[in-house]
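Below is one structure, written out as structure tokens; comments come after it.
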Amino acid sequence: MPGSQARNRVRDRNNVLNRPEFISLNQPPPGGRGREVRGPESSEGGPVADGGPKDASRWPEQDCMQLNPTFRGIAINSLLAIDISLSKRLGMCVGAHSPGAPLRSMVTLLAFTGHAFPWICGTLICLWRSNTLAGQEVLVNLLLALFLDLMTVAGMQKLVKRKGPWDYPPGLLDYIAMDMYSFPAAHASRAVMVCKFLLNHLVLAVPLRILLYLWAFLVGVSRVLLGKHHLSDVGCGFALGFLHFSLVESVWLDSATCQTLISFGTQTTAWLT
Numbered sequence: 001m002p003g004s005q006a007r008n009r010v011r012d013r014n015n016v017l018n019r020p021e022f023i024s025l026n027q028p029p030p031g032g033r034g035r036e037v038r039g040p041e042s043s044e045g046g047p048v049a050d051g052g053p054k055d056a057s058r059w060p061e062q063d064c065m066q067l068n069p070t071f072r073g074i075a076i077n078s079l080l081a082i083d084i085s086l087s088k089r090l091g092m093c094v095g096a097h098s099p100g101a102p103l104r105s106m107v108t109l110l111a112f113t114g115h116a117f118p119w120i121c122g123t124l125i126c127l128w129r130s131n132t133l134a135g136q137e138v139l140v141n142l143l144l145a146l147f148l149d150l151m152t153v154a155g156m157q158k159l160v161k162r163k164g165p166w167d168y169p170p171g172l173l174d175y176i177a178m179d180m181y182s183f184p185a186a187h188a189s190r191a192v193m194v195c196k197f198l199l200n201h202l203v204l205a206v207p208l209r210i211l212l213y214l215w216a217f218l219v220g221v222s223r224v225l226l227g228k229h230h231l232s233d234v235g236c237g238f239a240l241g242f243l244h245f246s247l248v249e250s251v252w253l254d255s256a257t258c259q260t261l262i263s264f265g266t267q268t269t270a271w272l273t
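Put into structure tokens, the structure is as follows:
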């Protein structure tokens, strides 16, 4: 009857359970146990046939509202929100009109001291000018540690693809060092790795050792002040740098292997030139 069909359509529109966010309530319990829940009715007044386009049990999970999120999900989302909020508040040297704009040049220079480009170039120059076997051994292992840190961090950043708190485009030096994403912080990882390496293989006075630790910490903080990284990115970068140092120390190359690598590099350079 036309009048019956019109009443059924009005009833379907007024049925709250037919709204998309409540579709999960129409799904039967797993295993078919428990009280049967009646699905949405068709326009003719009967239930929708199994396998039809409106079968509530076949809706994908992402189309259903998660009415009871887990405690773990709430905790992770809360920590991420706190991390983003604090990182944006600490980005005091982001723009020309920010509160820390007068210190931006100094903070940028401090961050540059943790970049891969000056450390790799400086290590190569020192290796070229070194005349002792012990010095060449240390410099070759440092160079390998720098390349290990560079490739590992670049791979993790490419995998995670997390943007910075202010989502600024990377600069030219960032493209050269493949430091285009936020997680983990490459400068923080490199600073900690270099700091531990130098402290372990150089005889330094106590004030210099304290200054080296302070430098590594400030390099990581400078990236947060410039709005390039979150606090969690810098923390994970510190942990990753310590892991790189431990790995290099465990696979330390002896003097004979280092001399073989130096000879191979010299021959390759001569052949290319």
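Numbering (full-length UniProt numbering), first residue to last: 1 to 273. Cβ atoms here follow ideal geometry from the backbone N, Cα and C, with glycine treated the same way. In this text, all values refer to a predicted model and were calculated from it rather than measured experimentally.
- Message: Considering Cα atoms alone, identify which of L253, W128, V107 and A185 is closest to T266.
- Response: As a first step, residue 266 is located in the sequence shown; it is residue number 266 there, counting from the start. The shortest C-alpha separation from T266 is found at W128.
- Task: Thinking L173 and H115 are a contact (beta carbons under 8 Å), I'd like their distance in whole angstroms, please.
- Result: The residue given as residue 173 occupies position 173 in the sequence shown. The residue given as residue 115 occupies position 115 in the sequence shown. About 6 Å separates the two Cβ atoms, so the contact holds.
- Quick one: give me the first and last residue of the alpha helix (DSSP H) that M193 is part of. Locating residue 193 in the sequence shown gives position 193, counting from the first residue. From DSSP, the alpha helix (DSSP H) with M193 extends over A186 to H201.
- Task: Could you pull the start and end residues of the alpha helix (DSSP H) that P207 belongs to?
- Result: Translated into the one-based positions of the sequence shown, residue 207 becomes position 207. Per DSSP, P207 belongs to the alpha helix (DSSP H) from V206 to L225.
- Alpha-carbon spacing of C258 relative to F197, whole angstroms: Residue 258 sits at position 258 when you count from the first residue of the sequence shown. Residue 197 sits at position 197 when you count from the first residue of the sequence shown. Between C258 and F197, the C-alpha separation is close to 17 Å.
- Are D149 and M178 closer than 7 Å when you measure CB to CB? Residue numbering aside, residue 149 sits at position 149 when the sequence shown is read from its first letter. Residue numbering aside, residue 178 sits at position 178 when the sequence shown is read from its first letter. Against a cut-off of 7 Å, the Cβ pair of M178 and D149 comes out as no contact.
- Length of the line joining the Cα atoms of A216 and A145: Locating residue 216 in the sequence shown gives position 216, counting from the first residue. Locating residue 145 in the sequence shown gives position 145, counting from the first residue. Roughly 16 Å between the two C-alpha positions.
- Query: Which one of R190, V234, G122 and Q136 has the shortest CA to CA distance from L90?
  - Reply: Position 90 of the sequence shown, counted from the start, is the residue given in the question as residue 90. Among R190, V234, G122 and Q136, the Cα nearest to that of L90 belongs to V234.
- Message: For G227 and F238, which I take to be in contact (beta-carbon distance under 8 Å), what is that distance rounded to the nearest angstrom?
- Response: Mapped onto the sequence shown, residue 227 falls at position 227. Mapped onto the sequence shown, residue 238 falls at position 238. About 19 Å separates the two Cβ atoms, so there is no contact after all.
- When the Cα of L139 is compared with those of L208, H244 and L202, which residue comes out closest? In the sequence shown, counting from the first residue as 1, residue 139 sits at position 139. With distances taken between Cα atoms, L139 lies closest to L202.
- Message: Please report the distance separating the alpha-carbon of I120 from that of F71.
- Response: Looking up residue 120 in the sequence shown gives position 120. Looking up residue 71 in the sequence shown gives position 71. Their Cα atoms are separated by approximately 45 Å.
- Could you tell me the distance, in whole angstroms, from the CA atom of M106 to the CA atom of L231? Within the sequence shown, the letter at position 106 stands for residue 106. Within the sequence shown, the letter at position 231 stands for residue 231. So the alpha carbons of these two residues sit roughly 20 Å apart.
- Query: So what does DSSP say about A96, is it helix, strand or coil?
  - Reply: Residue mapping note: residue 96 aligns to position 96 of the sequence shown, counting from 1. Note: A96 maps to coil in three-state DSSP.
- So, is F245 buried or exposed, given that buried needs 16 or more other C-beta atoms within 10 angstroms? In the sequence shown, counting from the first residue as 1, residue 245 sits at position 245. So F245 counts as buried.
- Length of the line joining the Cα atoms of H187 and L133: Along the sequence shown, one-based indexing puts residue 187 at 187. Along the sequence shown, one-based indexing puts residue 133 at 133. Approximately 30 Å, taken between the alpha carbons.
- Message: Quick check on the DSSP output: the alpha helix (DSSP H) that includes H244 runs from which residue to which?
- Response: On the sequence shown, residue 244 is found 244 positions in, with the first residue counted as 1. It spans L231 to S250 - the alpha helix (DSSP H) in which H244 sits, taken as one unbroken run.
- Query: Contact check, S222 vs A75 under 8 Å by CB: the rounded distance?
  - Reply: Looking up residue 222 in the sequence shown gives position 222. Looking up residue 75 in the sequence shown gives position 75. Not really, about 30 Å apart at Cβ, beyond 8 Å.
- Message: According to DSSP, simplified to helix, strand and coil, what is A177?
- Response: The residue you call residue 177 lines up with position 177 of the sequence shown. The answer is coil: DSSP assigns A177 none of H, G, I, E or B.
- Message: Rounded to whole angstroms, what is the Cα-Cα separation between L124 and V94?
- Response: As a working note, residue 124 is residue 124 in the sequence shown. As a working note, residue 94 is residue 94 in the sequence shown. Those two C-alpha atoms are separated by around 33 Å.
- Query: What's the call for L80, buried or exposed, on a 16-neighbour Cβ count within 10 Å?
  - Reply: Walking along the sequence shown from the start, residue 80 turns up at place 80. The residue in question, L80, is exposed, as its Cβ has fewer than 16 Cβ neighbours within 10 Å.
- Task: Could you check what DSSP says for K88 in three-state terms: helix, strand or coil?
- Result: Within the sequence shown, numbered from 1, the residue matching residue 88 stands at position 88. Helix.
- Task: Could you check how far apart the C-beta atoms of V153 and L240 are, in whole angstroms? I think they sit under 8 Å.
- Result: For this step, residue 153 is matched to residue 153 along the sequence shown. For this step, residue 240 is matched to residue 240 along the sequence shown. Going by Cβ atoms, the distance from V153 to L240 rounds to 7 Å, so yes, they are a contact pair.
- Would you mind stating whether Q157 and Y181 have Cβ atoms separated by less than 7 Å? Here residue 157 corresponds to residue number 157 of the sequence shown, with the count starting at 1. Here residue 181 corresponds to residue number 181 of the sequence shown, with the count starting at 1. Yes.
- Take L261 and list the residues in its own chain whose beta-carbon comes closer than 8 Å to its own, dropping the five residues that flank it on each side. For the purposes of this step, residue 261 is taken as the residue at position 261 of the sequence shown. Only V140 and L253 meet the Cβ criterion.
- Would you decide whether V248 is buried or exposed? Buried here means 16 or more other CB atoms lie within 10 Å of its CB. Position 248 of the sequence shown, counted from the start, is the residue given in the question as residue 248. Buried, by the Cβ-count rule.
- Expressed to the nearest angstrom, what Euclidean distance is found between the alpha-carbon atoms of S189 and E137? What you label residue 189 is simply residue 189 of the sequence shown in a count that begins at 1. What you label residue 137 is simply residue 137 of the sequence shown in a count that begins at 1. Roughly 22 Å between the two C-alpha positions.
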